[in-house]
Amino acid sequence: MKRENLKQLLHQIKTGLIEPEEVVDMLITEPYTDMGFAQIDDHRSLRDNFCEVVFCQGKEPGQVAQIMEHLSTRNERLLGTRASEEVFQAVKQRIPDICYHSQARLLYRPAPGWCTEQKVAVVTAGTSDLPVAEEAAICLETMGVPVVRLFDVGVAGIHRVLHNLPIIRNVKVVIVVAGMDGALASVVGGLTHRPVIAVPTSVGYGVSFNGLAALLSMLNTCAPGVGVVNIDNGYGAAALAQSIIETNHG
4 MKRENLKQLL
14 HQIKTGLIEP
24 EEVVDMLITE
34 PYTDMGFAQI
44 DDHRSLRDNF
54 CEVVFCQGKE
64 PGQVAQIMEH
74 LSTRNERLLG
84 TRASEEVFQA
94 VKQRIPDICY
104 HSQARLLYRP
114 APGWCTEQKV
124 AVVTAGTSDL
134 PVAEEAAICL
144 ETMGVPVVRL
154 FDVGVAGIHR
164 VLHNLPIIRN
174 VKVVIVVAGM
184 DGALASVVGG
194 LTHRPVIAVP
204 TSVGYGVSFN
214 GLAALLSMLN
224 TCAPGVGVVN
234 IDNGYGAAAL
244 AQSIIETNHG
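Just so we're aligned: 230 in our numbering is position 227 of the sequence shown, and the numbers increase by one with no gaps anywhere.
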C-alpha cells in the first residue's frame, strides 16, 4: 500500500463512503502476505518509499515469479537483484512488461517520469566494474532518480576524472564503483563536497582477495564524506543514494 492509498482510505472513512471495520480488515491483511515460502512486506513502500526488492539468488525461479507477481499488483515500479536468465523467463510469463539487464543481473519495471530532479553520478574505475555500476544505475532509475554515467575513469588515467569534474560536482550524490586498489573513491572524495558512496568490486588479481583489498582501502580513506557499502553491492549503494536524496527533500 502506498501513502496515497492510505490517505484515500482515511478520507473515505471521514466522508462515510466506507465503514471503519472494512478498513480495519484491509489493514490487517496489508502489512505482509504469507506465501508459505516467503513473507512479503506489503508496507515496505510506506516506510522506505520503495517496495520490497527481491534478492533472486538462491530462490527457485517459480518462487521469484510468484513473489514479483504479488508485488506487481500493488506497486508500479519493481526490482529483483541477482537474477538469472532462467529467473527472468519465469517472471516474464507472469509479468509481461518486466525488463532484464543480463550484465547487471537485474529484473526491473520502471514507471514513466522521475520522482526527483536531483541526479546521481555513477562512476567506475574500469569497464570491468560495469555489472555492479549498472546494477546501481538501473536501480536508481527504476526508483525514479535520474543518473549520469561516467565509466572507465580510473586513477591510472587521472586526467579522465579531472575532465569530468564539472559533472561530478553538479550532482547530488556520487557513487564510485572500483575494484583492484579502490583508489578512485578517495580521489573523487577529495575533489567534491558531495556525498560519495564507495562500492568495492571483486575485480582484480591475486591479493585483491575478490574485492577485500578495495573494501579495506575505501574504509581507510582519508577523504571526508565517503561512505562504503559491501563488495559488489550496487543495489545497496543505490538505496542509500535514494535515501540521501529523499532526506534532502525533507
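All residues carry an ideal CB built from backbone N, CA and C; glycine is no exception.
Task: Alpha carbon of H162 to alpha carbon of D155, nearest angstrom - done: 12 Å
Open item on the list: Measuring only the C-alpha atoms, how far is G129 from N236?
Closed with: 16 Å
Open item on the list: In the DSSP assignment, the alpha helix (DSSP H) including G192 goes from what residue to what residue?
Closed with: L187 to G192
Open item on the list: Suppose you measure from the CA of H46 to the CA of L74; what does that come to, to the nearest Å?
Closed with: 11 Å
Open item on the list: Less than 9 Å between the C-beta atoms of V158 and A244, yes or no?
Closed with: no
Open item on the list: I'd like the list of long-range same chain contacts for R108, defined as Cβ closer than 6 Å, with 5 residues on each side in sequence excluded.
Closed with: R85 and A86
Task: Range covered by the alpha helix (DSSP H) that runs through Q96 - done: E88 to R97
Open item on the list: Give me the DSSP bridge partner(s) of H104.
Closed with: L109
Open item on the list: Can you tell me where the beta strand (DSSP E) holding L153 begins and where it ends?
Closed with: V150 to L153
Open item on the list: If I measure Cβ to Cβ from E137 and keep anything under 7 Å in the same chain, skipping five residues before and after, which residues do I get?
Closed with: H104, Q106 and A107
Task: Where G228 sits in the DSSP three-state scheme - done: coil
TODO: Can you tell me the Cβ-Cβ gap for V232 and V180, rounded? I've got them flagged as a contact below 8 Å.
DONE: With 8 Å as the limit, V232 and V180 do not qualify as a contact, their Cβ atoms being about 10 Å apart.
Open item on the list: Using only the alpha-carbon positions, how far apart do A226 and V67 sit?
Closed with: 40 Å
Open item on the list: So, at 7 Å on beta carbons, what are the nonlocal neighbours of A188 in its own chain, with the 5 sequence-adjacent residues on each side left out?
Closed with: V179, A181, V199, A201, M221, T224 and V229
Open item on the list: Per DSSP, what are the beta-bridge partners of A201 in this structure?
Closed with: V179 and V231
Task: Reduced DSSP secondary structure (H/G/I, E/B, other) of Q42 - done: strand
Task: Check whether I43 and I70 have beta carbons under 9 Å apart - done: yes
Open item on the list: DSSP three-state label for V57, please.
Closed with: strand
Task: Limits of the unbroken alpha helix (DSSP H) element including A136 - done: L133 to T145
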